[in-house]
Structure formats: C-alpha cells, structure tokens
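Participant: Structure in structure tokens, see below.
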Amino acid sequence: MSRAGRGCPRSPRLRLSQSSVPFVLTRPRRAEAASRHTFPVHPAAPGSAHPAAPGCPVGLCRAVSPPVAPSRVPLSCSSMWLPLVLLLLLPAVPPARCCELPESSAGAVRALSARLLGLAGDPVRDPDPAVYLALRLAREHDLRLEQRYLERLQDIFQHPYGRSLQAHGHSQWDAEHSGSVAEPLHTGQLALYLLGLRATCPPPHPRRSLVTWLKYYLEEDWTGSRRHGHPLTSYYQYGLGVLALCVHHKRVREEVIRRLLTAQHHGRLGHGGNAVDTEAVVALAFTCLEQRRLVGTELVAELQAATHRASKSMAEVQGPDGIIGNIYSTPWAMQVFLATGTCQTEPVFSQAMAALLKNLEAFGTAATMAQVLPVLHGRSYLDIASMHCQEEPDTLTPLDMEPLPEVPGNKTVQLVVECPLPWCYDLRLYDRPVPVPASASLLDVLQAAALLEPHDFKFHTQDTPQGPFLTQVLGLEARQEKRNYWQLLTAPNTSLQMGIADYRPQDGETLILRLSEW
180 MSRAGRGCPR SPRLRLSQSS VPFVLTRPRR AEAASRHTFP VHPAAPGSAH PAAPGCPVGL
240 CRAVSPPVAP SRVPLSCSSM WLPLVLLLLL PAVPPARCCE LPESSAGAVR ALSARLLGLA
300 GDPVRDPDPA VYLALRLARE HDLRLEQRYL ERLQDIFQHP YGRSLQAHGH SQWDAEHSGS
360 VAEPLHTGQL ALYLLGLRAT CPPPHPRRSL VTWLKYYLEE DWTGSRRHGH PLTSYYQYGL
420 GVLALCVHHK RVREEVIRRL LTAQHHGRLG HGGNAVDTEA VVALAFTCLE QRRLVGTELV
480 AELQAATHRA SKSMAEVQGP DGIIGNIYST PWAMQVFLAT GTCQTEPVFS QAMAALLKNL
540 EAFGTAATMA QVLPVLHGRS YLDIASMHCQ EEPDTLTPLD MEPLPEVPGN KTVQLVVECP
600 LPWCYDLRLY DRPVPVPASA SLLDVLQAAA LLEPHDFKFH TQDTPQGPFL TQVLGLEARQ
660 EKRNYWQLLT APNTSLQMGI ADYRPQDGET LILRLSEW
C-alpha cells in the first residue's frame with residue numbers, strides 16, 4: 180500500500196482483518212469519552228433532518244450535527260483513502276443528546292439558578308455544600324461568587340477536620356471497638372463537602388485528614404447496627420459517604436459496600452413507605468464504584484443488579500403525575516437515570532422532568548433549589564468526576580428573592596394531631612379549627628394554634644438547611660433512635676410536598692400531623 184501524500188488524514192486506529200472484509204473499523208475510545216462529556220449540543224441546521232435517537236423522550240432530545248463536514252477532507256488524497264476517511268468520521272459523530280431540557284423551559288431554569296446564586300450571596304445564610312454543588316453543576320456561573328462561597332465552606336469544614344484522627348484522640352478504626360459516639364456524626368455534610376471540593380475547578384487535593392475522617396465516620400456510624408440493625412444516622416448519609424469517596428477515586432472496603440447491598444436487598448433503606456431519595460443515593464454510589472472500577476469483577480455484577488433493581492423500583496412508584504415518591508425525591512431518582520445513561524430510553528425520566536418543570540414553585544428554599552437544579556441542567560453527582568474547567572461561561576447574575584405578596588383576608592385550617600400505636604392509645608390527640616391570615620404557612624398555623632385558649636397545643640422545631648423541621652408536638656418527640664418522625668399530611672391521606680415553612684394551606688383544608696415510623 181502506498182503512503183498517503185502530504186495533508187492526507189492518517190488512521191492509526193485502523194485495524195486490518197484477515198477475513199474477506201478488507202477493513203474492520205473500531206470506534207476510538209477518545210471519541211466515546213468525548214461523546215459522553217465534551218461534545219457541545221447543537222440544534223439541527225435549518226432544512227436538515229436529524230432524527231431523535233430511539234426511545235428518547237419527545238422534547239428532551241436534540242440531534243447533533245457532525246463536527247467535521249465530509250467536504251473538508253483533503254482532495255489531494257488518493258481515491259482509495261477517501262471512503263476510508265468518511266467511514267472513520269462516522270463513528271466519531273456523537274449520538275443524539277437526550278435528557279436535555281426543552282428550549283421553552285431554559286429561561287425558567289436559568290432564573291432558578293440565578294435565584295439560588297442570589298441566596299448563596301447572602302452572608303447571613305449559613306453556607307451549604309449542596310448549594311455549592313448545584314452552582315458548580317450548572318451550565319452558567321458567577322465564578323467570583325462561587326469562589327467566595329467555597330471559602331466560607333472551607334472556614335467551616337477545614338478547621339474541625341483539618342487535624343488527624345490521632346491528634347483528636349482516635350485511631351482510624353477505633354469505631355470497630357466502640358459502642359457509642361462521643362460527638363454527633365456529620366457523615367452526610369462531610370461527604371457533600373468532599374464532593375464540592377472535587378467539583379472545584381481546578382479541583383484542589385483535599386487534605387488526607389478529610390478522607391480519613393469520612394472513613395472513620397462510616398465505621399463509627401455503623402456501630403449503631405449492633406443495637407438497631409442500621410447506621411446511627413441513616414442509609415442516606417451512609418450512601419453519600421461511599422459516593423464521595425468513590426468520586427475522589429478512593430477505594431472502599433468491600434464490607435462497607437456489602438452493608439448497603441444487604442440493606443437494599445432486604446428493603447431497609449427507606450422510611451414511611453418512601454425510600455426513593457435513599458435508594459437513589461445508594462444507587463449512585465453503586466454506579467460510581469462500578470464505572471470507576473474500584474471493585475472486583477464479581478462485585479461489579481452485584482452492583483449492576485442492585486442499580487437495576489433500584490431503577491425498576493423507582494419506575495414502579497412513579498405516580499400518574501410523573502412524581503417519583505414526592506416532588507423532592509424526584510430529582511434524586513432522575514440522577515440515577517442520568518448517571519446510568521438510561522434517561523435516553525426510560526419514559527420515566529421524561530415524565531418526571533415534565534413534573535418538575537410544572538412544579539418549580541415548590542423549590543423555594545436554597546436547599547430544595549440545590550436538590551433540583553443539577554438534573555434540570557442534565558447532570559448528576561457522578562458528572563463531578565469528569566468536569567472540565569476550560570472556558571466556563573461566567574455569565575450568570577444573582578437574582579434577589581422577592582418576598583411573597585400579602586394576601587388580604589383570613590382563612591380557617593383544621594389542625595389534627597394523630598398518634599397511633601404503639602406510642603399512644605388514643606389515635607386522635609388534637610382536632611381544632613385554627614383561624615389565620617390568608618397568606619399563612621403551616622408554620623404560621625402551628626404558631627397560631629399555640630396561642631389559642633386554652634394553651635393546650637405546643638410544638639418544637641429544629642433549624643436545618645432545608646428549613647425548620649418539626650421535632651415535637653404535644654410533648655411527643657420524634658426521636659432518631661426510635662425511628663419515628665412527624666409526618667405532614669393533608670386530609671385524608673396525602674403527604675405534603677413542602678416543609679412547614681413553605682406549605683400554604685387553603686381555606687377549609689384539614690392538616691394532619693401524624694407520628695409515623697421510618
């Protein structure tokens with residue numbers, strides 16, 4: 180075979196077959212990686228007809244034009260090379276990109292990102308690593324504000340975790356022989372902070388002590404299984420810890436992974452009949468371990484089967500409105516379909532996306548915005564491991580949140596407190612109408628009920644990044660070790676999709692506070 184002339188494309192990836200077929204072409208690995216991560220999505224040119232990929236949700240797919248037109252192949256090459264060049268170009272064309280937002284919704288999502296950016300710029304609010312992750316996974320940025328937000332996070336996390344466990348008085352595996360925890364565990368928050376560090380461009384090398392602390396917490400967290408059969412915090416936080424270590428390409432002991440596999444296999448991950456968010460976080464951890472080849476071949480097959488079970492379970496609990504579990508767990512489920520690439524073929528994903536876009540007003544706090552924005556931008560937490568920092572669009576402007584308008588008039592809400600067995604003998608402990616202003620939230624209703632004569636209604640809340648969390652009603656405290664919580668419902672039996680500070684009941688509505696089991 181004669182050598183190609185100057186300027187002719189060379190084909191180092193060409194393989195010669197000994198069969199009767201003259202050439203066998205293989206898809207270049209780099210082209211595969213580029214099609215997953217780096218190729219831009221272009222709308223089809225006017226007059227062109229690029230069909231959507233099979234199984235793509237209508238309105239969520241856009242075909243991608245070939246990056247190199249055949250006319251650009253040098254004409255000086257021999258006629259023998261020209262067909263070969265054209266064939267080589269074909270596999271490099273990225274497939275139709277699915278899981279993309281419809282153009283009509285891009286403005287609303289950009290506005291939501293700008294509102295989260297405005298909340299992040301408020302110095303009064305405590306920084307939240309989940310908010311930083313959402314800002315980093317967005318398509319547009321305010322790089323200066325993001326850097327300031329990261330510095331605030333570092334002030335919080337680097338000081339307590341900047342020293343070694345030995346300096347703190349612990350050996351790395353003391354937890355294996357410990358029966359109690361001397362201080363509160365922060366598995367989930369530390370995991371999110373480590374994920375945030377990996378999402379920084381360029382990613383800094385986290386202090387080894389941070390990773391060691393997280394591994395320590397995973398072991399210390401599990402000491403609760405000796406009494407309760409589950410982590411002291413939750414499987415949700417435990418799964419986040421494994422996911423963070425995997426994204427940082429840190430190996431996790433097989434025993435730690437098998438704890439999650441066993442819990443998923445026996446249906447122990449969730450509470451109150453809604454395990455979607457926990458199931459999703461654990462499935463993301465499994466997918467990461469499998470994709471990054473951090474486990475052996477035998478365990479890979481188990482992780483793949485577990486992820487498939489999780490996806491199937493989430494598809495089965497999707498309601499006719501497209502919501503998976505509830506509106507806040509839906510984005511977590513969608514991250515699994517994005518991470519595994521099944522968003523292209525699963526109608527569950529497109530239906531869930533439509534539900535999110537229809538209910539964007541439900542995401543009114545920084546924590547809930549941070550929960551939904553990654554999937555609205557077509558990304559999951561696994562994308563953190565392959566982020567590219569080149570030419571990030573520094574074009575997003577913070578948008579200040581406007582206060583909700585005052586609604587004139589009043590309304591009456593029926594407030595009910597229920598406590599079933601085994602905690603109480605009487606199911607209904609409180610049942611009374613509560614008059615409040617027309618714009619009152621559920622929290623306002625509770626505060627108004629506490630002022631009514633006689634003063635027989637009392638409650639307590641705990642501040643969290645997601646807003647106030649109801650912890651005690653009528654002296655009955657929801658306790659983690661008892662695996663119970665105060666469930667919020669609207670009669671007759673519909674779980675609320677918002678927190679007590681965000682939900683605004685209608686006039687005449689009956690609200691139920693029910694002590695329920697995880």
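The sequence shown begins at 180 in the numbering used here and counts up one residue at a time.
From the three backbone atoms N, C-alpha and C, an ideal C-beta is built for every residue, glycine too.
Remember, it's a predicted structure, so these values are computed and weren't measured experimentally.
1. Can you give the beta carbon distance from Asp-400 to Tyr-415, rounded, assuming they're within the 8 Å contact cut?
2. DSSP on Glu-398, reduced to helix/strand/coil?
3. Does Phe-528 come out as helix, strand or coil in the three-state DSSP assignment?
4. Could one say the Cβ of Gln-530 lies closer than 7 Å to chain D's Cβ atoms, at least one of them?
5. On the DSSP bridge assignment, give the partners of Arg-611 in chain order.
6. What are the boundary residues of the alpha helix (DSSP H) that Leu-376 is part of?
7. Since Val-455 contacts Ala-564 with CB under 8 Å, what's their CB separation in whole angstroms?
8. Using a threshold of 7 Å, state whether the C-beta atoms of Asp-681 and Gly-504 are closer than that.
9. For Tyr-604, is the classification buried or exposed, using 16 other Cβ atoms within 10 angstroms of its Cβ as the cut-off for buried?
10. From this set, Gly-297, Val-288, Leu-374, which residue's C-alpha is nearest Ala-317's C-alpha?
11. Label Glu-656 either buried or exposed according to how many other C-beta atoms from any shown protein chain fall within 10 Å of its C-beta, with 16 as the threshold for buried.
12. Let's see if you can read the secondary structure: which residues bound the beta strand (DSSP E) around Phe-648?
13. Can you give the Cα-Cα distance for Arg-208 and Gln-470, rounded to whole angstroms?
14. Could you tell me whether the stretch 525-534 touches the stretch 468-487, where touching means 3 or more Cβ pairs closer than 8 Å?
15. Taking only three categories from DSSP, how would you classify Arg-318?
16. Expressed to the nearest angstrom, what Euclidean distance is found between the alpha-carbon atoms of Leu-291 and Leu-552?
17. Nearest to Gly-475 by alpha carbon, out of Gly-498, Leu-298, Arg-430?
18. Starting from Ser-565, trace the alpha helix (DSSP H) both ways and give me its first and last residue.
19. Look up Asn-589 in the DSSP assignment and give the residues it is bridged to.
20. Nearest to Gly-588 by alpha carbon, out of Arg-377, Asp-686, Leu-373, Thr-402?
21. So, is Thr-641 buried or exposed, given that buried needs 16 or more other C-beta atoms within 10 angstroms?
22. So, with DSSP's three-state summary, where would you put Cys-414?
23. Straight-line CA distance for Gly-367 to Ala-546?
24. What would DSSP say about Ser-490, mapped onto helix, strand or coil?
25. Following the continuous beta strand (DSSP E) through Arg-693, name the residue where it begins and the one where it ends.
26. Taking the Cβ atom as the reference point for each residue, do Thr-689 and Gln-593 lie within a distance shorter than 7 Å?
27. Could you tell me which residues DSSP pairs with His-639 in its beta bridges?
28. Decide if Pro-614 is buried, meaning its Cβ has at least 16 other Cβ atoms within 10 Å, or exposed.
29. For Ile-691 and Pro-647, which I take to be in contact (beta-carbon distance under 8 Å), what is that distance rounded to the nearest angstrom?
30. Specify, as a first and last residue, the run of the beta strand (DSSP E) that Trp-665 falls within.
31. Could you check which residue in His-444, Arg-447, Met-493 has the C-alpha nearest to that of Ala-459?
32. Does Gly-420 pass the burial test, meaning 16 or more other C-beta atoms within 10 Å, or should it be called exposed?
33. According to DSSP, Thr-673 sits in a beta bridge with which residue or residues?
34. Taking the alpha helix (DSSP H) that Arg-294 falls in, what are its first and last residues?
35. For Lys-637, count the other beta carbons within 10 Å of its own beta carbon; 16 or more makes it buried, fewer makes it exposed. Which is it?
36. Considering Cα atoms alone, identify which of Ala-480, Thr-576, Gln-326 is closest to Gly-297.
Facilitator: The answer reads as follows:
1. As a working note, residue 400 is residue 221 in the sequence shown. As a working note, residue 415 is residue 236 in the sequence shown. Not confirmed; about 11 Å, so no contact.
2. Numbered from 1 along the sequence shown, position 219 holds the residue referred to as residue 398. Looking at Glu-398 - three-state DSSP - the assignment turns out to be helix.
3. Counting from one through the sequence shown, the residue named residue 528 turns up at place 349. Three-state DSSP puts Phe-528 in a helix.
4. Included in the structure is just one protein chain, with no chain D present.
5. In the sequence shown, the residue the question calls residue 611 occupies position 432. DSSP, once it has assigned bridges, lists Leu-594 as partnering Arg-611.
6. Numbered from its first residue, the sequence shown carries residue 376 at position 197. Per DSSP, the unbroken alpha helix (DSSP H) holding Leu-376 starts and ends at 366-378.
7. For this step, residue 455 is matched to residue 276 along the sequence shown. For this step, residue 564 is matched to residue 385 along the sequence shown. Not a contact, Cβ separation roughly 24 Å.
8. For the purposes of this step, residue 681 is taken as the residue at position 502 of the sequence shown. For the purposes of this step, residue 504 is taken as the residue at position 325 of the sequence shown. For Asp-681 and Gly-504, no; Cβs fall outside 7 Å.
9. Along the sequence shown, one-based indexing puts residue 604 at 425. The residue is exposed, with fewer than 16 neighbouring Cβ atoms inside 10 Å.
10. Here residue 317 refers to the residue found at position 138 when the sequence shown is read from its first residue. Selected option, being the one with the closest Cα: Val-288.
11. If you number the sequence shown from 1, residue 656 lands on position 477. Exposed, because fewer than 16 other Cβ atoms sit within 10 Å of the Cβ of Glu-656.
12. If you number the sequence shown from 1, residue 648 lands on position 469. Taken as a continuous stretch (DSSP letters only), the beta strand (DSSP E) holding Phe-648 covers 646-652.
13. Position 29 of the sequence shown, counted from the start, is the residue given in the question as residue 208. Position 291 of the sequence shown, counted from the start, is the residue given in the question as residue 470. Confidence is the limiting factor: at Arg-208 the pLDDT is only 36, short of 50, which leaves the residue's position unreliable, though a coordinate-based value still follows. C-alpha separation (whole angstroms): 15 Å.
14. no
15. Walking along the sequence shown from the start, residue 318 turns up at place 139. Three-state DSSP puts Arg-318 in coil, outside helix and strand.
16. Along the sequence shown, one-based indexing puts residue 291 at 112. Along the sequence shown, one-based indexing puts residue 552 at 373. Their Cα atoms are separated by approximately 8 Å.
17. Taking the sequence shown and counting its residues from 1, one reaches residue 475 at position 296. Comparing alpha carbon positions, the residue from Gly-498, Leu-298, Arg-430 closest to Gly-475 is Arg-430.
18. Mapped onto the sequence shown, residue 565 falls at position 386. Here Ser-565 belongs to no alpha helix (DSSP H), and DSSP marks it neither H nor E.
19. As a position in the sequence shown, residue 589 is number 410, starting the count at 1. Answer is Pro-616, bridged to Asn-589.
20. As a first step, residue 588 is located in the sequence shown; it is residue number 409 there, counting from the start. Of the candidates Arg-377, Asp-686, Leu-373, Thr-402, the one whose C-alpha sits nearest the C-alpha of Gly-588 is Asp-686.
21. Here residue 641 refers to the residue found at position 462 when the sequence shown is read from its first residue. The sequence as given places Gln at residue 641; Thr does not occur at that position. Counting Cβ neighbours within 10 Å, Gln-641 comes out exposed, since fewer than 16 surround it.
22. Sequence index remark: in the sequence shown, residue 414 carries index 235 (1-based). First, the amino acid is wrong: residue 414 is Tyr here, not Cys. Helix.
23. If you number the sequence shown from 1, residue 367 lands on position 188. If you number the sequence shown from 1, residue 546 lands on position 367. Spanning the two alpha carbons is a distance of roughly 14 Å.
24. As a working note, residue 490 is residue 311 in the sequence shown. Note: Ser-490 maps to helix in three-state DSSP.
25. Taking the sequence shown and counting its residues from 1, one reaches residue 693 at position 514. Run containing Arg-693: 689-696, per the beta strand (DSSP E) assignment.
26. Here residue 689 is taken as the residue at index 510 of the sequence shown, counted from 1. Here residue 593 is taken as the residue at index 414 of the sequence shown, counted from 1. Yes, these two residues count as a Cβ contact at 7 Å.
27. Translated into the one-based positions of the sequence shown, residue 639 becomes position 460. Paired residues: Gln-651.
28. In the sequence shown, counting from the first residue as 1, residue 614 sits at position 435. Exposed: under 16 other Cβ atoms inside 10 Å.
29. As a first step, residue 691 is located in the sequence shown; it is residue number 512 there, counting from the start. As a first step, residue 647 is located in the sequence shown; it is residue number 468 there, counting from the start. Wrong, their Cβ atoms sit about 18 Å apart, outside the cutoff.
30. On the sequence shown, position 486 is the one that residue 665 refers to. Note, Trp-665: beta strand (DSSP E), 663-669.
31. Counting from one through the sequence shown, the residue named residue 459 turns up at place 280. Considering only alpha carbons, the answer is Met-493.
32. Against the sequence shown, residue 420 aligns to sequence position 241. By the neighbour-count rule (16 or more Cβ atoms within 10 Å), Gly-420 is buried.
33. Residue 673 sits at position 494 when you count from the first residue of the sequence shown. Looking at the DSSP output, Thr-673 bridges to Thr-669.
34. Position 115 of the sequence shown, counted from the first residue, corresponds to residue 294. Note, Arg-294: alpha helix (DSSP H), 285-299.
35. Working through the sequence shown from its first residue, we reach residue 637 at position 458. The residue in question, Lys-637, is exposed, as its Cβ has fewer than 16 Cβ neighbours within 10 Å.
36. Here residue 297 refers to the residue found at position 118 when the sequence shown is read from its first residue. Here the closest residue by C-alpha is Thr-576.
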